[in-house]
Amino acid sequence: MKLHTISLFLTLTAFWLLNSGHNTLLILLLGLASVLLVLVIVHKMDVVDHESQPLHLTRNLFSYYLWLTKEIIKANIIVVKHIWLGNKSISPTLRRIKISQKTDMGKVIYANSITLTPGTVAIDLIDDEVVVHALLKQDIESLLAGEMDRRVSQLER
Numbered sequence: 064m065k066l067h068t069i070s071l072f073l074t075l076t077a078f079w080l081l082n083s084g085h086n087t088l089l090i091l092l093l094g095l096a097s098v099l100l101v102l103v104i105v106h107k108m109d110v111v112d113h114e115s116q117p118l119h120l121t122r123n124l125f126s127y128y129l130w131l132t133k134e135i136i137k138a139n140i141i142v143v144k145h146i147w148l149g150n151k152s153i154s155p156t157l158r159r160i161k162i163s164q165k166t167d168m169g170k171v172i173y174a175n176s177i178t179l180t181p182g183t184v185a186i187d188l189i190d191d192e193v194v195v196h197a198l199l200k201q202d203i204e205s206l207l208a209g210e211m212d213r214r215v216s217q218l219e220r
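All letters in the sequence shown, in the order written, are residues 64 to 220 by my numbering.
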C-alpha cells in the first residue's frame, strides 16, 4: 500500500506541477496541500489498489504507445481509402475474439486499443472474450492473428 501511495503522490505532484506553471512559495504550498488532501480522500474511500496504480505497466508502455500510434496511422489510411472506394469495398463484421490478458487492466487496455484503431470498435468485454465490430474483415483477421493481444499481454508482465 505504501508503494501505491508514494506512486500516487509523485504522479499527482508531477501532474499538478506540469499544469500549474507557477512556482511561488504560496502556490507550491497550496499545490502540496491539495495533493495531500486528495491522498487522504483516496485512502478514506479505499480506492488505491494494484489495479489503480499499475506500476508494472510503465516498463513497456512507451514502446506500446509507439506501436499503437503506428497502427492507428495505418488504419486511418486504410479507412480513408475504403471511404473513397465506396460502400462496396467495406465488409462489416461482428466477431467474438478470445483474449489472453489476465488482469482487468490488461483487458481494458486491449479493448480500448481496438476502439482507438480506426475501423474497429470493441462493443463488449466478457470474461476472456471481446466482441468487436470492424468495417473490414481484414481488421478482424488482423486481431485474430494476435499481435495486439501479444503486445498488451507483454504490458502485464
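Beta carbons are placed, not taken as given, at the ideal position from N, Cα and C, and that holds for glycine.
Where residue i sits in the DSSP three-state scheme
i    : result
R220 : coil
Close beta carbons around residue i, own chain, < 8 Å, minus the five adjacent residues each side
i    : result
L148 : none
I153 : H145, L198 and L199
I69  : none
Y127 : R214, V215, Q217 and L218
Inter-residue CB distance, residue i and residue j (contact presumed, cutoff 8 Å)
i    : j    : result
L124 : L218 : 7 Å
S205 : G169 : Contact flag wrong, Cβ pair sits at about 19 Å.
R220 : V195 : At roughly 24 Å, the Cβ-Cβ gap does not stay under 8 Å, so R220 and V195 are not in contact.
A197 : T132 : Contact doesn't hold; Cβ gap of about 20 Å is too wide.
Nonlocal neighbours in the same chain, by C-beta distance under 6 Å from residue i, ignoring five residues either side
i    : result
D202 : G182 and T183
7 Å Cβ shell around residue i - same chain, five flanking residues per side excluded
i    : result
S176 : L131, M211 and V215
L207 : I160
Worksheet entry | Whole runs of the beta strand (DSSP E) within the segment 120-206, excluding any shorter than 3 residues | Listed in chain order, the complete beta strand (DSSP E) runs (minimum 3 residues) inside the segment 120-206 are 156-161, 183-189 and 192-197.
Worksheet entry | Minimum length 4: unbroken alpha helix (DSSP H) runs contained in the segment 73-115 | 88-108, all fully within the segment 73-115.
Discussion item. Using 8 Å as the cut-off, can you tell me whether the segment 168-187 makes contact with the segment 133-145, which would need three or more C-beta pairs spanning the two stretches below that distance?
Written reply: With a cut-off of 8 Å, the segment 133-145 and the segment 168-187 count as touching, because enough Cβ pairs lie within range.
Worksheet item: For the segment 186-202 against the segment 97-104, are there 3 or more C-beta pairs whose distance is under 8 Å?
Response: Short answer: they don't touch.
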